[in-house]
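Residue numbers (our numbering): 3 to 323.
Here a beta-carbon is modelled for each residue, glycine too, at the ideal position from N, C-alpha and C.
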């Protein structure tokens, strides 16, 4: 057993023992149950998100006047929608009886043939849920990535002023590390997409804010010394195949048995469901359509290439991390 593996496993066990949610919902299965009749929860998740955003804005208005600043707003809002490990929106969606979700056990999932050595966290915690958001199947972990890791990416790139490259490095490093390859053996382009789309949300949170770039209209304005939520948040502005791991394909640990175990489950799903595609990308036409979509046109090509998997690109690009 390699030292790095031992260290990661010990860290995971320690965090679980301390009651941390660091590994909760860090992996999902976007394949096995995607064709089940999952009701669209877009409006419900919008409502949950806006309620938590409003709490953050109200909390900012409770700050002393000298702290009622742009950074004061960020601190207040991230405390109500984000989270150090498991995001507040993610938790609220998981706990809401109004959101139609699909849970699956490790044994029943595409990871059912993975050994403890290959994917030990899933022997210790549950997989995250999937929900339907309009036309997309999205893992609940993406809400955490959007607001929590998205804030970290935003802070590094813009508040600390290290630039977009820093946000990309943060996102790729975390996917190569404990949130991805080093613990689960999974590198998720959808997680990176959620991080960087979340970064764009934070950039445009405040009307007239320092970092506005017009990606979306601001959500909050400062009026007569108080912050006001001036427009509702809508996930539809950020939704696309980028957040769907069934189309924005994962990269798996470079080991034939690792990929083989997952592929064996995918093949079994196709045999058990004639006429339904489970190979990623599932919606090939959707991948092609995304290339010319409004959302794609608004994302800087310099970091879109880190968000979209080669399998989902019309013309695969060469990556250099």
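- In the DSSP assignment, the residues bridged to residue 135 are 138.
- Boundaries of the alpha helix (DSSP H) around residue 91: 90–97.
- Judged by DSSP in its simplified three-state form, residue 240 adopts coil rather than helix or strand.
- Counting the other CB atoms within 10 Å of its CB gives residue 247 a total of 16 or more, which places it among the buried residues.
- Taking one beta carbon from each stretch, the region 97–115 and the region 267–277 have 3 or more pairs nearer than 8 Å; the two touch.
- Looking at the DSSP output, residue 223 shares a beta bridge with 230.
- Within the same chain, and ignoring the five residues on either side of residue 94 in sequence, the residues whose Cβ sits closer than 7 Å to its Cβ are 50, 54.
- In the same chain as residue 253, and ignoring 5 residues on each side of it, the C-beta atoms closer than 6 Å to its own belong to 189, in chain order.
- Take residue 285, set aside five residues on each side of it, and the residues of its chain with a beta-carbon closer than 6 Å to its own are 249, in chain order.
- Straight-line spacing of the CA atoms in residue 36 and residue 222 works out to 36 Å.
- From the listed residues 107, 174, 263, the smallest Cα separation to residue 192 is found for 174.
- The beta carbon of residue 120 is closer than 7 Å to those of 187, 260 in its chain, skipping five residues each way along the sequence.
- The count of Cβ pairs closer than 8 Å, one atom from the region 77–87 and one from the region 144–151, reaches three, so the stretches are in contact.
- Exclusion of the five residues before and after residue 232 leaves 223 as the residues of its chain whose Cβ lies within less than 6 Å of its Cβ.
- Between residue 282 and residue 234, the CB-CB gap reaches or exceeds 8 Å.
- Taking 4 residues as the minimum length, the alpha helix (DSSP H) runs contained wholly in the region 59–129 are 72–83, 90–97, in order along the chain.
- In this structure, DSSP gives residue 285 a state outside helix and strand, which the three-state scheme calls coil.
- Sixteen is the threshold: since fewer than 16 other Cβ atoms of the shown chains lie within 10 Å of the Cβ of residue 97, the residue is exposed.
- Residue 275 has its alpha-carbon roughly 55 Å from the corresponding atom of residue 64.
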